[in-house]
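Asks: First, the structure itself, so that you have it in front of you.
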Amino acid sequence: MGAAIQAHDTSSAQLTNDALRRTHEANPVLGAFVILDEDGARVSAAAADRDLAEVVDRGPLHGIPIAVKDIFDMAGLPTTCGSASSFGTDHAETDSDVVGALRQSGVVIVGKTVLHEFAFGATGDRSAHGPSRNPHDPTRVSGGSSGSVHRQHD
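Residue numbers for the sequence shown, in the numbering used here: 449 to 602.
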């Protein structure tokens with residue numbers, strides 16, 4: 449994706465819109481996202497495209513849409529850590545260090561993903577938001593604190 453953006457074969461805005469569209473289509477089945485930040489993602493994508501047009505290159509991730517676990521604070525969004533005990537918490541005032549570093553590298557964060565409660569588990573199916581499903585086979589859990597183990601979900 450980075451090479452395609454650099455070659456002007458696509459734009460961050462186009463990749464972001466595609467990512468958001470695919471997320472809307474898949475999330476009802478996969479349950480991968482806790483929250484989408486569509487407005488924030490579109491603003492970041494437009495800024496990434498503007499920077500590149502002005503020959504400001506933040507590196508290989510510049511303009512690439514990504515998602516972060518719902519354990520990292522993102523300014524303006526709640527952080528639930530996959531736990532019902534965290535519902536109703538205030539929106540984060542600042543980004544966590546990792547989110548700040550990602551933003552500095554020019555990534556576009558489209559939203560926050562489901563994780564095993566407090567990222568403490570191996571199946572990915574213990575979250576207040578429900579289980580996340582394996583995108584290759586939705587009858588299986590995503591696995592891991594945010595997903596990689598393939599086992600049959602009961």
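Glycine is no exception: its CB is placed at the ideal position from the N, C-alpha and C atoms. None of these values were measured; they are calculated from a predicted model.
Where does residue 453 sit, in a helix, a strand or coil, going by DSSP?
Replies: Three-state result, residue 453: helix.
Asks: Less than 8 Å between the beta carbons of residue 463 and residue 449, yes or no?
Replies: Yes. Within cutoff.
Asks: Under DSSP, the alpha helix (DSSP H) around residue 532 begins and ends at which residues?
Replies: No alpha helix (DSSP H) contains residue 532, which DSSP labels as neither H nor E.
Asks: From residue 472 to residue 515, what distance separates their C-alpha atoms?
Replies: Between residue 472 and residue 515, the C-alpha separation is close to 14 Å.
Asks: Just the C-alpha distance for residue 538 and residue 528, rounded to the nearest angstrom, thanks.
Replies: So the alpha carbons of these two residues sit roughly 10 Å apart.
Asks: Looking at the structure shown, is residue 498 part of a helix, part of a strand, or coil, going by DSSP?
Replies: In this structure, residue 498 counts as helix in the three-state DSSP scheme.
Asks: If you draw a straight line from the alpha carbon of residue 561 to that of residue 482, how long is it in whole angstroms?
Replies: So the two alpha carbons sit approximately 5 Å from each other.
Asks: To the nearest angstrom, report how far apart residue 493 and residue 526 are at their CA atoms.
Replies: Taking the straight line joining both Cα atoms gives about 21 Å.
Asks: Beta-carbon within less than 6 Å of residue 559's beta-carbon, same chain only, minus the 5 sequence neighbours each way: which residues are those?
Replies: Hits under 6 Å: 481, 483, 484, 485 and 515.
Asks: Assign residue 455 to buried or exposed, taking buried as 16 or more other Cβ atoms, counted over all protein chains shown, within 10 Å of its Cβ.
Replies: Exposed is the call here.
Asks: Going by CA-CA distance only, name the one from 583, 587 and 588 that's closest to residue 470.
Replies: Answer by Cα proximity: 583.
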